[in-house]
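Numbered according to my numbering, the sequence shown spans residues 1034 to 1296. Glycine is no exception: its CB is placed at the ideal position from the N, C-alpha and C atoms. The structure displayed is predicted, hence computed values, not measured ones. Comments concern the structure below.
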Amino acid sequence: MNRNALDGTNHLTMRFPHTKQLFILFGKSVLAMLSIAMVLLLYAEGYAIWYFEYGLGLPSESRLAALPATGSLCAASPGSSLVPLSEIPPLLRKAVIASQDREFYERPYVGPLARLASDIAAGRPPGRSNIIQSVSRECLWALVPECCKGPNLDWQIGTEVLTGRIERTFGRDRILEAYLNNAYLGRGTYGVVAAANAYFGKSLASLDVSEIAFLVTRFRSPRPSQGDSDLRNRVIDTMRSAGLIDEAQATSAKAVPVPAADR
């Protein structure tokens, strides 16, 4: 720095002797406010974790684990009967997973708040597995009827927390079993056994590829529509791309008419 610049700085300091002290005081004030803001942020985060983990009154993992080790996780639906997962044809089980949630068995558990933050950061709609969320909403929300009437933030995050507890407490097989036995599939039926009988007059073991694909469409679209054939064909394509059937089976299945509109 040249002499003129130094002279200018000294002159400024002489004219404003408290300038340095003011800058120091200002800096300390900013640091103090930032510290307070950080403390408040941490407090808010801690309260949010407590509120959504415990304050909503959601069933704890110990309460969930106390449910019977076998049998349905859901209250009995009209006309439904529990069929063990082992008695549901593998092709039907795999077709549901391929269509609804390909990573159902592979997806690792991630905490509810971390999952929510990840979904928001990635621009995805918040949520977990369609299968696990469905079991959460349709079966186990009944344990807390006073909580989280949605859709609102409590309902959204409460669903995340409860779904996470279900993931940790129950095996994926049991969750899939509950899903296949309790989902509403149209024609007043709940579960794949009742739906197979209502649409085709058959047992599960007697269903062919086309009929299985049609039942899979009912999990998302239980009401009939003009697009039922297209929906069924899309599921058939999904089954083929997942390696569940070959090209000849897919072509043959697409040639089969879909059931008529609901009675």
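With residue i and residue j assumed to form a contact (beta carbons below 8 Å), what rounded beta-carbon distance in angstroms separates them?
i            : j            : result
residue 1215 : residue 1224 : 6 Å
residue 1292 : residue 1232 : 5 Å
residue 1271 : residue 1132 : 5 Å
residue 1245 : residue 1125 : 5 Å
Quick check on this structure: which residue in the options has the alpha carbon closest to the alpha carbon of residue i?
i            : options                : result
residue 1208 : 1285, 1288, 1096, 1137 : 1137
residue 1173 : 1141, 1094, 1139       : 1094
residue 1101 : 1226, 1197, 1203, 1271 : 1203
residue 1212 : 1277, 1091, 1253       : 1253
residue 1168 : 1200, 1264, 1289, 1141 : 1200
residue 1290 : 1280, 1107, 1263, 1064 : 1263
residue 1140 : 1071, 1163, 1120       : 1163
residue 1191 : 1277, 1205, 1170       : 1170
residue 1354 : 1269, 1276, 1277       : Outside the displayed span of the chain (1034 to 1296) sits residue 1354, for which this structure offers no information.
residue 1127 : 1166, 1063, 1273       : 1273
residue 1251 : 1064, 1065, 1129       : 1129
residue 1267 : 1255, 1286, 1189       : 1286
residue 1195 : 1165, 1065, 1265, 1261 : 1165
Using a Cβ-Cβ cut-off of 7 Å (strictly less than) and excluding sequence neighbours within five positions of residue i, which residues of its own chain qualify?
i            : result
residue 1098 : 1202
residue 1229 : 1235, 1236, 1237, 1240, 1248
residue 1041 : Because residue 1041 sits at a pLDDT of 49, beneath the cut-off of 50, its placement in the model cannot be relied upon, and the point is left open.
residue 1114 : 1226
residue 1039 : Reliability fails at residue 1039, whose pLDDT of 45 lies under 50, so the model's placement of it is uncertain and the value that follows must be treated cautiously. Nothing listed; no residue qualifies.
residue 1121 : 1213, 1225, 1237
residue 1107 : 1171, 1172, 1211, 1215
residue 1278 : 1242, 1272
residue 1072 : none
Going along the chain, which residues of its own chain have a beta-carbon closer than 8 Å to the beta-carbon of residue i, five neighbours each way excluded?
i            : result
residue 1096 : 1176
residue 1198 : 1091, 1092, 1093, 1094, 1097
residue 1057 : none
Please check if any C-beta of chain D sits within less than 7 Å of the C-beta of residue i.
i            : result
residue 1231 : Among the chains in the structure shown there is no chain D, since it carries only a single protein chain.
List the residues that DSSP assigns as beta-bridge partners of residue i.
i            : result
residue 1138 : The partner list for residue 1138 (beta bridge, DSSP) is empty, contrary to what the question assumes.
residue 998  : Given a span of 1034 to 1296 for the chain in the structure shown, any question on residue 998 remains unanswerable.
Whose C-beta lies closer than 6 Å to the C-beta of residue i among residues of the same chain, with five residues either side of it excluded?
i            : result
residue 1105 : 1115
residue 1275 : 1131
residue 1070 : none
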